[in-house]
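S.K.:
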Amino acid sequence: MSTRIGVITFPGSLDDRDAQRAVRLAGAEPVALWHGSHDLEGVDALVLPGGFSYGDYLRCGAIASLSPIMTEVIDAANAGMPVLGICNGFQMLTEAHLLEGGLIRNDHGSFICRDQVLRVENTDTAWTTDFTGEQEITIPLKNGEGGFVASDDVLDRLEGEGRVVFRYVDVNPNGSLRDIAGICNERGNVVGLMPHPEHATEPGFGPDTALAMRSGVDGLAFFTSAIQRTLASA
Numbered sequence: 001m002s003t004r005i006g007v008i009t010f011p012g013s014l015d016d017r018d019a020q021r022a023v024r025l026a027g028a029e030p031v032a033l034w035h036g037s038h039d040l041e042g043v044d045a046l047v048l049p050g051g052f053s054y055g056d057y058l059r060c061g062a063i064a065s066l067s068p069i070m071t072e073v074i075d076a077a078n079a080g081m082p083v084l085g086i087c088n089g090f091q092m093l094t095e096a097h098l099l100e101g102g103l104i105r106n107d108h109g110s111f112i113c114r115d116q117v118l119r120v121e122n123t124d125t126a127w128t129t130d131f132t133g134e135q136e137i138t139i140p141l142k143n144g145e146g147g148f149v150a151s152d153d154v155l156d157r158l159e160g161e162g163r164v165v166f167r168y169v170d171v172n173p174n175g176s177l178r179d180i181a182g183i184c185n186e187r188g189n190v191v192g193l194m195p196h197p198e199h200a201t202e203p204g205f206g207p208d209t210a211l212a213m214r215s216g217v218d219g220l221a222f223f224t225s226a227i228q229r230t231l232a233s234a
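If you're matching positions, the sequence shown starts at 1 in the numbering used here and goes up one per residue.
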């Protein structure tokens, strides 16, 4: 029986189909879920995809965090289900208080789209066990409100507890405090990050370099990690 990973579509989601494809390429069964439902359809893990849910009105992810299905998402996350929030999904997780901190407008005031190098700093989460410690990966980044912020106390706690999962390398693209690209909750089952691993799951779609035809798969380990975690806990 294969792992079933749900991908939730919200009004304004852009990357839900990409996330479903990434799940399939990793070897799991993608399950399309709708924001207006209260049924998680028995999935083993959840992905909140990127996009501009509800047009990013009020704050990015704020309205989506109040969608009907989020009641079940919060309950499932608190019960230990692996949950991944990508870009707008990360914003939803902070708005739903499943992750600490928040995301604000990029410090340069512009939307940014680029290949981004990240350092993996925690390989014990449900979404990172297939990485190695301090591994550097390259996946696409595309956001206008990607600057991670939190109080000094929260930042110190995240650092001290090893809950900074990903950090920007070489350049900080959006002004995120302490170069933080992604974090997790205390249990490590909920992870949020601004870059897009679902866009880095097939050879030939990596950075524009001489090695491009053999690169582009650094994001696949997010999804294979979740599969291994769900199988281990079955």
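C-beta: ideal position from N, C-alpha, C; glycine also.
Owing to the predicted nature of the structure, the values given are computational and were not obtained by experimental measurement.
Quick one: any contact between the segment 218-225 and the segment 113-133, if contact means 3 or more CB pairs under 8 Å?
M.R.: The segment 218-225 vs the segment 113-133: in contact.
S.K.: Going by DSSP in three states, D44 sits in which element: helix, strand or coil?
M.R.: DSSP places D44 in coil when its eight states are reduced to three.
S.K.: Residues in the same chain with beta-carbon distance under 7 Å from M81, minus the five sequence neighbours each way, listed in chain order, please.
M.R.: Result list for M81: A45, L46, N189, in chain order.
S.K.: For N78 and V43, what's the separation of their Cα atoms in angstroms?
M.R.: The straight-line gap from Cα to Cα measures roughly 15 Å.
S.K.: Nearest by alpha-carbon distance to G162: which of V171, T125, E145 is it?
M.R.: Among V171, T125, E145, the Cα nearest to that of G162 belongs to T125.
S.K.: Using a Cβ-Cβ cutoff of less than 8 Å, which residues in the same chain neighbour I63 once the five nearest sequence positions on both sides are dropped?
M.R.: Closer than 8 Å at the Cβ level, and outside the excluded window around I63, lie S53, Y54, Y57.
S.K.: By Cβ distance, which residues of its chain are closer than 6 Å to D142, with the 5 residues on each side in sequence left out?
M.R.: A small fix is needed here, since residue 142 is Lys in this sequence, not Asp. Closer than 6 Å at Cβ, skipping near neighbours: C113.
S.K.: Is the separation between the beta-carbon of I183 and that of L99 shorter than 8 Å?
M.R.: Yes, they are a contact pair.
S.K.: Please report the residue range of the beta strand (DSSP E) in which A181 lies.
M.R.: It spans 180-184 - the beta strand (DSSP E) in which A181 sits, taken as one unbroken run.
S.K.: Does the structure place the segment 150-164 close enough to the segment 198-207 that three or more beta carbon pairs sit under 8 Å?
M.R.: Short answer: they don't touch.
S.K.: Where do the ends of the alpha helix (DSSP H) carrying A232 lie?
M.R.: Looking at the DSSP string, the run of the alpha helix (DSSP H) that includes A232 is 220-232.
S.K.: Would R167 pass as a contact of E136 if the rule is Cβ separation under 8 Å?
M.R.: Taking 8 Å as the Cβ cut-off, R167 and E136 do not qualify as a contacting pair.
S.K.: How is the alpha helix (DSSP H) around Q91 delimited, first residue to last?
M.R.: Taken as a continuous stretch (DSSP letters only), the alpha helix (DSSP H) holding Q91 covers 88-95.
S.K.: From the DSSP output, which residues share a beta bridge with A32?
M.R.: Answer is V7.
S.K.: Helix, strand or coil: which one does DSSP assign to T129?
M.R.: T129: coil per DSSP, three-state reduction.
S.K.: What's the gap between the Cα of V217 and the Cα of R17?
M.R.: Distance between the alpha carbons of V217 and R17 is about 17 Å.
S.K.: Find out if the Cβ-Cβ distance for the pair N174, N106 is shorter than 8 Å.
M.R.: Result yes, Cβ atoms of N174 and N106 sit closer than 8 Å.
S.K.: With burial defined as no fewer than 16 other Cβ atoms inside 10 Å of the residue's Cβ, what is the status of P140: buried or exposed?
M.R.: Buried, because 16 or more other Cβ atoms sit within 10 Å of the Cβ of P140.
S.K.: Give the secondary structure of S53 by DSSP, where H, G and I count as helix, E and B as strand, and everything else as coil.
M.R.: The answer is helix: DSSP assigns S53 an H, G or I state.
S.K.: Let me know if R187 comes out buried or exposed under the rule of 16 or more other beta-carbons within 10 Å of its beta-carbon.
M.R.: By the 10 Å Cβ count, R187 comes out exposed.
S.K.: For D115, report the span of its beta strand (DSSP E) as first-last.
M.R.: Per DSSP, D115 belongs to the beta strand (DSSP E) from 112-120.
S.K.: Going by DSSP, name the residue or residues bridged to E136.
M.R.: The partner list for E136 (beta bridge, DSSP) reads R119.
S.K.: Could you tell me the distance, in whole angstroms, from the CA atom of A28 to the CA atom of A22?
M.R.: Cα to Cα, A28 sits roughly 9 Å from A22.
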